[in-house]
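Scroll down for the structure; my scribbles are underneath it.
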Amino acid sequence: MKRWTGRSRLGRVDLYTRGTVYAIQWGAVGIGTLLLLTRPVRLDAPPALMAAAVLAAVVNGGLCHRFSGTAMTAYLTGDDVPLRAAAWPAAATGVLMALLLALAAVTDLTGLLPSMLGCALVPVLSGHSILVRPRVIALHQSVLIAVFAAAMAVTGHGGAATLVTTVTVGFITVWLAVSVRVSMWVLRVMWELDDARDVQARLAVAEERLRFGRDLHDVLGRNLAVIALKAELAAQLAGRGRPEAADQMTEVQRIAQESQREVREVVRGYREADLRAELEGARGVLAAAGIGCTVGRPAADIAALPPRVQSALGWVVREATTNILRHGDARHCAITVDATAEWVRLTVENDGAAPDRPHRGTPGSGLAGLRERLQAVGGTLEAGPAPQDRFRVTARVPHAGAGSGITTDEDLKESA
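Residue 485 is where the sequence shown ends in my numbering, and the numbering goes up by one at each step.
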């Protein structure tokens, strides 16, 4: 089992919720055992009957612990668990309650019997309230309380004692069912929201890939078809010794150069980023994921930055935002842009980064590509954990110096 510090916030809530259910179960077992070892011992109750009751309580706790774990996992994952999985825990609970009623018949347990019986029911009802539907829970508990009241009457208890005990046990069972069921429902909703956030991030990436593929298809589809036809025509003309073949190949060359230029434009549109637009987009995407985002520089000052600086830092914002959505457990993100006469510095810092979780600066995470992009414009990138379980990405780009690192149309013509 992972340590507490190695879990995400949701993982900690999951562990806490499960641990609470287990603690309620074993707490009931412990309290019931202590009650068995107080007044019955002082009143010289049959040792064999007491030992059997204590053993039954411990065995019941173990069986119900396993049953509750299975029920919680099935409830969170949506898997089906056959109701017969509760057979052994229910049988152990029945044996324990029978032993307690038998002990009450030979020993004065006035005032203790309701608590002892309630403790006996808590372990099995914890898992039962998770496994079955609320209406079935109400039906089963109604039948249980009716059978319990009848058993109290048959074993010779008075009307007042039967009423008090039945009401007490009924209250305990209803309170337990509501508490456990609501807790597990809240936990399941939290897991579903977390899964939805991951799906949203993956869909955003898939949508961007589809957009880029669509743009490439629109640009190259027609030109490649024309090139293929003209190349075929030129080959046929050349085979016949016709001078028009050279004209067709010249046209093929022109279309190829035009296609190359258009591809460069598509790639630029895909790879360049406007810093102000990226900051607004990051704030909107993070807000949709339930993560607060603050930007520490006015939009007017950002707009005054050189285009090459905005393009480089805009991609840092996009990659850092993607990593926060995919790998972090953040609740707040702060983005600051500081500019001097020589440097422009962008800092993206978020909380929710557990110290034992592998950080996002590992090879292949996308930060390596950002470093290459920033090095092309004379910039640097630093990424790593920060104090108080935070993660910080810092990019520095010279305000004026190195070139943009982006191929221009003139470069393309020279290379051609």
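Glycine is no exception: its CB is placed at the ideal position from the N, C-alpha and C atoms. Everything numeric in this text was worked out from a predicted model, so none of it was measured.
In the DSSP annotation of this structure, residue 130 is not part of any beta strand (DSSP E); the continuous alpha helix (DSSP H) holding it starts and ends at 116-146. If you keep only unbroken beta strand (DSSP E) runs of at least 3 residues inside the segment 347-399, you get 361-364.
Contact annotation: residue 90 and residue 137 have beta-carbon atoms nearer than 8 Å.
The beta carbon of residue 450 lies closer than 6 Å to those of 439, 440, 443, 464 in the same chain, with the five residues before and after it left out. The segment 371-389 makes contact with the segment 347-354; the number of CB pairs closer than 8 Å reaches 3 or more.
Note that the segment 79-86 does not touch the segment 167-174; fewer than 3 beta-carbon pairs, one per stretch, sit closer than 8 Å. With a minimum length of 4 residues, the unbroken runs of alpha helix (DSSP H) contained wholly in the segment 156-236 fall at 156-175, 182-200, 203-223. Inclusion of residue 335 and residue 279 in the CB contact set at 8 Å is not warranted, their separation being larger than that value. In the structure shown, residue 465 falls within a strand segment according to DSSP collapsed to helix, strand and coil. In this structure, the CA atom of residue 289 is about 23 Å from the CA atom of residue 315.
In this structure, DSSP gives residue 446 a state outside helix and strand, which the three-state scheme calls coil. As a beta-bridge residue in DSSP terms, residue 418 pairs with 403, 461.
A check of alpha carbon separations from residue 401 across 155, 328, 356, 294 identifies 356 as the nearest.
Rounded to whole angstroms, residue 106 and residue 164 show a C-alpha spacing of 18 Å. Burial check for residue 134: the Cβ neighbour count within 10 Å reaches 16 or more, so the residue is buried.
Contact check for residue 158 against residue 181 fails: the beta carbons are separated by 8 Å or more.
Distance from the Cα of residue 211 is smallest, within the candidate group 188, 185, 241, for 241. Residue burial annotation: residue 272 is exposed, with fewer than 16 other C-beta atoms found within 10 angstroms of its C-beta.
Within the same chain, 403 come within 6 Å of residue 363 by CB-CB distance, once the 5 residues on both sides are set aside. In this model, residue 317 and residue 333 are separated by some 24 Å (Cα to Cα). For residue 151, the number of other beta carbons within 10 angstroms of its own is below 16, and it is reported as exposed.
Out of 300, 145, 320, the CA that lies nearest to the CA of residue 256 is found in 145. DSSP places residue 95 in the uninterrupted alpha helix (DSSP H) bounded by 78-105. For residue 462, the closest C-alpha among the options 417, 372, 113, 196 is that of 417. A distance below 7 Å between beta-carbons, with the five flanking residues on each side excluded, links residue 130 to the following residues of its chain, in chain order: 94, 95, 98, 192. Using a Cβ-Cβ distance cut-off of 8 Å, the segment 248-266 and the segment 187-205 are in contact, since at least three pairs of beta carbons, one from each stretch, lie closer than that value. According to DSSP, residue 453 shares a beta bridge with 461. Between residue 126 and residue 166, the alpha-carbon positions lie close to 9 Å from each other. If you compare the alpha carbons of 176, 187, 147, 246 with that of residue 235, the shortest gap goes to 187. Residue 390 holds the alpha-carbon nearest to the alpha-carbon of residue 274 among 77, 307, 222, 390. Considering only 392, 409, 408, 88, the residue with the shortest C-alpha distance to residue 452 is 392. The alpha-carbon of residue 324 is positioned some 38 Å away from that of residue 468. Per DSSP, reduced to three states, the secondary structure at residue 336 is helical. DSSP, read as helix, strand or coil, puts residue 410 in coil.
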